[in-house]
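Residue numbers (the working numbering): 18 to 121.
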């Protein structure tokens, strides 16, 4: 299962906890490196995104529950699939609909 995870800052972390959060974030990244196909920050600003490849939603949930910046973040998760696979499915479905004729 591949998923796109977008993280944007929602609240500023208190300066006194920021170093601890960054250490926790670095440890979280190391712990889940094998599940991340992509790990990126936005240039010039807070937040970033990743593409995770995990066996199931329970594994993804475990990873995200452990994310140390959750209280300070807005997190969006989208399942994704290969674009050529999706395009082929759309073409197949449209062809089936056209072959079925009007009103079906």
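Where a beta carbon is used, it is the ideal one built from N, C-alpha and C, also for glycine.
Return the chain-ordered list of same chain residues with a C-beta closer than 6 Å to the C-beta of residue i, the five sequence neighbours on each side being excluded.
{"i": "residue 54", "result": "68, 70"}
Here's a check: name, in chain order, each residue in its chain whose Cβ is nearer than 7 Å to the Cβ of residue i, leaving out the five neighbours to either side.
{"i": "residue 21", "result": "66, 68, 95, 97"}
{"i": "residue 42", "result": "85, 86"}
{"i": "residue 10", "result": "Since the first residue shown for the chain is 18 and the last is 121, residue 10 is missing from the structure and cannot be characterised."}
Would you report the Cα separation of residue i and residue j, rounded to the nearest angstrom?
{"i": "residue 90", "j": "residue 36", "result": "16 Å"}
{"i": "residue 88", "j": "residue 112", "result": "46 Å"}
{"i": "residue 107", "j": "residue 28", "result": "40 Å"}
{"i": "residue 105", "j": "residue 99", "result": "10 Å"}
{"i": "residue 19", "j": "residue 92", "result": "16 Å"}
{"i": "residue 119", "j": "residue 74", "result": "39 Å"}
Who are the near neighbours of residue i in its chain, counting only those whose CB is closer than 8 Å to its CB and skipping five residues on each side?
{"i": "residue 52", "result": "69, 70, 71, 76, 80"}
Check this for me: beta carbons of residue i and residue j, under 9 Å apart or not?
{"i": "residue 64", "j": "residue 26", "result": "yes"}
{"i": "residue 50", "j": "residue 56", "result": "yes"}
{"i": "residue 30", "j": "residue 23", "result": "no"}
For residue i, verify whether its CB is less than 8 Å away from any heavy atom of the ligand NAP.
{"i": "residue 59", "result": "Of the ligands one can find in the structure shown there are none, so the ligand NAP has no counterpart to examine."}
Legend entry - Uninterrupted beta strand (DSSP E) stretches inside the region 47–84 (no shorter than 3 residues): 53–58, 65–70
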